[in-house]
Structure formats: C-alpha cells, structure tokens
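Before any comments, here is the structure.
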Amino acid sequence: MRKIVILGAGYAGLRAMKELHKEAGLQITLINRDLYHYEATELHTVAAGTKAPADIIFDLESSIPEGVDFRSGTVNKIDVETQCVYLEDENIPIAYDYLIVALGFESEDFGIKGAAQYALPLANLADAFAIRTHLEQRLARFNDSRDENDLSIVVCGAGITGIELVGELVYRMPEWVAQHKLPADKIRITCLDAMPAILPMFDAELSRYAIAHLADRGVSFQTSSAIDEVTATGVRSGERVFPAHTIIWTTGVRGSHVVANSGFAQKRNRVAVEPSLSLKGHPEVFFIGDVSAVADPGSGHVYPTTAQISVAQATHAALNLKAQIAGKPMTDFTFKSRGTVCSLGPLLGIAQIGADGSMKLEGRKVAAIKKLINDTEILEVSSIGNMISHAD
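Take 277 as the starting number for the sequence shown in our numbering and just add one per residue.
Now the structure itself:
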C-alpha cells in the first residue's frame, strides 16, 4: 500500500482526495486543522452578515469517503528528505510515499506599518465572523459615542474580494441603519487601492457598471492610493488620512507559513513547481492551490489564486500521481478559464463567461450564475448531498 498524505481540506485538498480515493492500493490520509470545510469564495458574505457561518460550511466527515483516514491537526513542518510531515503537539511524524500540499492562504500585509495590529484580515471563517462582530458593535455604539468614525468603514484593497465585500456592505447597510436608527447620510464606506483602475480583469464597460452601482450607494473609491500606515483610527496614504474605526484588509494573500517554515524556496509562501505541479527534485511531492506558483505557458505569468484554478490543479496533480505509480510519464498542467464573476451584493454582479471572456453579463442574472458556480464548486470537492443542503 502506497501512503498518500494530503495537507489541507480546502478546494484543492478535497478535490485531490476525491480523485484519488477510488484508486486501488492507496492508503490516503487527509490532514486539516478544522473539522469543517468552508467556501472561501463566500467569506465576504459572512463578514457583512448576509450569510451565517453555517451557510458556507459543511462537516468534513460528510465528505470523506470510506477508506480515507482523516486527522484533525495543525501542520508544523514538511521534511521532503525524510518524507515526513510534522504536526503541532504530536511527537510522531507522519510518513508518506506521495505528498500533496494544499495548505491554502493567509492574509498578506506586506509589512505595512500598523496593518497587522489594526486592520481586520479576511482570510478564513474566524476572520469573517470577527469582522461582522466588530462592525456591528461599532455601528451600535454610535448612538452613545456620537463619534462619526464609528460609522466609517475603510476597505483596503479593490480586487474581487474587496469589491464583493463592499457590495455586501451596501446591501446590508439599510438594515443596520434602521435597526440602530443611524443617520444614513453619515455612513462612509471607502475603498482604497494602490492600482490606478478598479477591476481591471473585466471589460471596461463591466467595471464601470460595478463602480457606478457602488458609488451611487455612497462608496468612495480611492485609486492610486498606496497604503502607508494603518492606525486605530484610520488609514494613511501619502498626505491623506481616511478616518475609520472599522478597517478591513483585502489587499492580498500569501500561501501558508508552513511553506517558509519548512525551508522551501518560495515567494510569498508560494513554491514555483514544475509544469507537472511536482516539486523540482522531488516528483513525489505536489504543491497545488494557494501554495503553488504555476506559470501559464502562454503568457509566462503565474496563475492567480482562485478556487477554479485550485480545483483544476488538484485534478491534474491526482492524475500525475497515479501516472507515477503506474510507471507512466507525467503531463504538464494547462488551464482554460470558465470565466470570472464578481458579485455586487446577493442580487447583482458582473461576469465574463468562457475562456475568452466573450460573454459579458451584468445585473441580476449574474446572481444566478454565481449560485451555480458555488454549487458546482461544492459538487467538485464534496457530495451532491452537501450541494443540496447549501441551496438557498
């Protein structure tokens, strides 16, 4: 029996397990810190309170097939020379013949002064719930404090995560205003980004639609605004200060810190792998998802970290692992996008569908597409039962 160890039960880890578990002669161990899987693409909905945590999670037990050994634990280190994985608070390492590293992402603050201390990251379920709790407490406090900074929100980062979060916030804000009897004209939502354009990955017309929709609801966009410092009362960009008591950090992500702790050559905890997705010099080790840096053979650019790409990498890594066992050559990873979607709250969005993005959509019809994408992602990594249980 060949020992296969999979680290992480996000989109990539669960998909790899699903692809491998029916293969004869494999002893599969899945290791994850939590007892549940959460839809990382839906964290912004929990942060804004439009969904509860239970709406975007399912127990791992319901997704792990018979014959797969699940272990709840925190990975501390990987040693590819001895082919062992070390867990925190456990003295006995876990040996493997083949390893799939799918440990996911962490928030990246780029060393900006005060960001780690004062900004609220959005990188996992606990982060999302902490944002919701903090925001609701600040809004509720205004009637006693009369401090307008309690009504001010700064979202750092205008990528898809930041824009989707802003969309949820403007959708939810009327409910908060009515609940706490807040002065609606005093609410401030500011979105800062160092880049000169908002949502440049979309067609310009779609980007304009998204910006106009959010700006009409009071969102202030500040582009070409690199963040220099975060404090307890605001964000500084050059000579400008944007005051707020709620500062949310969506500027970027990096791979798991376990990558650097294990001594791998990396950049932002992402390992540059071979086209087969295996580690150079160690074909028995695969890095997929947010901890891998894979170059698009067409453009030479590293693929972004998305759930869609993570699932595709997991499928390919599993095929290459099986090819190795069978004594067959591995193949290079290639990727064709199914498209890109950005929600603007639960009812609206923008989308470019297809590998060439030729189908361009905006408005309410995109909400249905977003739901279909979420359902498909659950089905790709779990079961139809979990997909149905997460239907709205």
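Glycine included, each C-beta is placed from N, C-alpha and C at the ideal position.
Since this is a predicted model, take the numbers as computed values, not measurements.
### Message
So if DSSP puts SER619 in a beta bridge, which residue, or which two residues, is it bridged to?
### Response
Numbered from its first residue, the sequence shown carries residue 619 at position 343. DSSP, once it has assigned bridges, lists GLY625 as partnering SER619.
#### Entry: Paired residues, beta bridge with PRO519 - DSSP
Numbered from 1 along the sequence shown, position 243 holds the residue referred to as residue 519. Bridge partners of PRO519: GLY510.
### Task
Would you mind stating whether LEU379 and GLY494 have Cβ atoms separated by less than 8 Å?
The sequence position of residue 379 within the sequence shown is 103, counting from 1. The sequence position of residue 494 within the sequence shown is 218, counting from 1. No; because the gap between Cβ atoms is not below 8 Å, this pair is not in contact.
### Message
Just to confirm my understanding: we take ASP492, look at its own chain, exclude 5 residues before and 5 after, and list those with CB closer than 8 Å. What are they?
### Response
Numbered from its first residue, the sequence shown carries residue 492 at position 216. Counting only Cβ-Cβ distances below 8 Å, and skipping sequence neighbours, we find nothing.
### Query
By Cβ distance, which residues of its chain are closer than 7 Å to VAL578, with the 5 residues on each side in sequence left out?
In the sequence shown, counting from the first residue as 1, residue 578 sits at position 302. Same-chain partners within the cutoff: ALA569, VAL570, ALA571.
#### Entry: Complete alpha helix (DSSP H) runs within the region 527 to 559 (minimum length 4 residues, chain order)
With a minimum length of 4 residues, the continuous alpha helix (DSSP H) runs that stay inside the region 527 to 559 are 533 to 537.
### Task
Look up TYR579 in the DSSP assignment and say whether it is helix, strand or coil.
Against the sequence shown, residue 579 aligns to sequence position 303. Coil.
### Query
What residues in its chain sit with their C-beta under 7 Å from that of MET293, if we drop five residues either side in the sequence?
Position 17 of the sequence shown, counting from 1, holds the residue named residue 293. Within the same chain, MET293 has close Cβ partners ILE282, ILE304, LEU306, VAL344.
### Message
Using C-beta distances below 8 Å, list every residue in its chain close to LEU648, excluding the 5 sequence neighbours before and after it, in chain order.
### Response
In the sequence shown, counting from the first residue as 1, residue 648 sits at position 372. Excluding positions up to five away in sequence, the list is empty.
### Query
Apart from the five residues on each side of it in sequence, which residues of its chain come closer than 8 Å, Cβ to Cβ, to THR610?
Position 334 of the sequence shown, counted from the start, is the residue given in the question as residue 610. Cβ neighbours of THR610 beyond the five flanking positions: PRO573.
### Message
Mapping the DSSP letters down to three states, classify MET277 as helix, strand or coil.
### Response
One-based indexing of the sequence shown puts residue 277 at position 1. The three-state secondary structure of MET277, taken from DSSP, is coil.
### Query
With 8 Å set as the bound, which would you pick, yes or no: does the beta-carbon of SER538 sit closer than that to a beta-carbon of chain B?
Included in the structure is just one protein chain, with no chain B present.
### Query
Can you list, in chain order, the stretches of the alpha helix (DSSP H) that have 4 or more residues and sit fully within the region 290 to 326?
Runs found: 319 to 324.
### Query
What is the rounded straight-line gap between the Cα of ASP403 and the Cα of SER575?
As a position in the sequence shown, residue 403 is number 127, starting the count at 1. As a position in the sequence shown, residue 575 is number 299, starting the count at 1. Using only the alpha carbons, I get a separation of about 34 Å.
#### Entry: Spatial neighbours of LEU396 in its chain, beta-carbon cut-off 8 Å, leaving aside the 5 residues before and after
By one-based count along the sequence shown, residue 396 stands at place 120. Excluding residues up to 5 positions away in sequence, ASP403, ALA406, ILE407, HIS410, THR522, ILE523, ILE524, TRP525 lie with their Cβ nearer than 8 Å to the Cβ of LEU396 in the same chain.
### Query
Taking the Cβ atom as the reference point for each residue, do ALA486 and ARG291 lie within a distance shorter than 8 Å?
Here residue 486 refers to the residue found at position 210 of the sequence shown. Here residue 291 refers to the residue found at position 15 of the sequence shown. Contact: no.
### Task
Would you be able to state if there are at least three C-beta pairs under 8 Å between the region 615 to 622 and the region 595 to 605?
Taking one beta carbon from each stretch, the region 595 to 605 and the region 615 to 622 have fewer than 3 pairs nearer than 8 Å; the two do not touch.
### Task
Have a look at VAL657 and GLU382 and give me their C-alpha separation to the nearest angstrom.
The sequence position of residue 657 within the sequence shown is 381, counting from 1. The sequence position of residue 382 within the sequence shown is 106, counting from 1. Separation of VAL657 and GLU382 (C-alpha to C-alpha, rounded to the nearest whole angstrom) is 21 Å.
### Message
Pairs of beta-carbons, one from the region 440 to 460 and one from the region 333 to 341, closer than 8 Å: are there three or more?
### Response
Touching, no.
### Message
I need the straight-line Cα distance from GLY301 to LEU482, nearest angstrom please.
### Response
On the sequence shown, residue 301 is found 25 positions in, with the first residue counted as 1. On the sequence shown, residue 482 is found 206 positions in, with the first residue counted as 1. In this model, GLY301 and LEU482 are separated by some 50 Å (Cα to Cα).
### Task
Would you please state the rounded distance, in angstroms, between the beta carbons of CYS432 and THR527? I believe it to be under 8 Å.
What you label residue 432 is simply residue 156 of the sequence shown in a count that begins at 1. What you label residue 527 is simply residue 251 of the sequence shown in a count that begins at 1. Right, the Cβ-Cβ distance comes to about 5 Å (below 8 Å), so this counts as a contact.
### Query
Does DSSP classify GLY639 as helix, strand or coil?
Counting from 1 along the sequence shown, the entry for residue 639 is found at position 363. Looking at GLY639 - three-state DSSP - the assignment turns out to be strand.
### Task
List the endpoints of the continuous beta strand (DSSP E) containing ASN425.
Within the sequence shown, numbered from 1, the residue matching residue 425 stands at position 149. Per DSSP, ASN425 lies in no beta strand (DSSP E) and is assigned neither H nor E.
### Three or more C-beta pairs below 8 Å linking the region 509 to 516 and the region 413 to 420
Using a Cβ-Cβ distance cut-off of 8 Å, the region 509 to 516 and the region 413 to 420 are not in contact, since fewer than three pairs of beta carbons, one from each stretch, lie closer than that value.
### Euclidean distance between Cα positions of LEU441 and GLY325
Within the sequence shown, numbered from 1, the residue matching residue 441 stands at position 165. Within the sequence shown, numbered from 1, the residue matching residue 325 stands at position 49. Rounded to whole angstroms, LEU441 to GLY325 spans 10 Å at the Cα level.
### Query
CA-CA distance, ILE664 and ARG448?
The residue given as residue 664 occupies position 388 in the sequence shown. The residue given as residue 448 occupies position 172 in the sequence shown. Caution applies to ILE664, whose pLDDT of 48 falls short of 50 and renders its modelled position unreliable; the model cannot decide the point.
### Message
If we require 3 or more residues per run, which beta strand (DSSP E) segments fall completely within the region 414 to 461?
### Response
Entirely contained in the region 414 to 461, the beta strand (DSSP E) runs reaching 3 residues are, in chain order, 428 to 432.
### Query
From what residue to what residue does the alpha helix (DSSP H) around GLU481 run?
In the sequence shown, counting from the first residue as 1, residue 481 sits at position 205. It spans 480 to 491 - the alpha helix (DSSP H) in which GLU481 sits, taken as one unbroken run.
### Query
How is PRO573 classed by DSSP in three states: helix, strand or coil?
Residue 573 sits at position 297 when you count from the first residue of the sequence shown. Coil, per DSSP.
### Task
Identify every residue that forms a DSSP beta bridge with ASP345.
Against the sequence shown, residue 345 aligns to sequence position 69. Note: ASP345 sits in a beta bridge opposite THR305.
### Task
Please name the residue or residues paired with ALA473 in a DSSP beta bridge.
Along the sequence shown, one-based indexing puts residue 473 at 197. Bridge partners of ALA473: none, in fact.
### Query
beta strand (DSSP E) containing TYR374: first to last residue?
Position 98 of the sequence shown, counted from the first residue, corresponds to residue 374. That run of the beta strand (DSSP E) goes 374 to 377.
### Task
Run the CB neighbour count on GLN393, radius 10 Å, all protein chains shown included, and call it buried at 16 or more, exposed below.
The residue you call residue 393 lines up with position 117 of the sequence shown. Under this definition GLN393 is an exposed residue.
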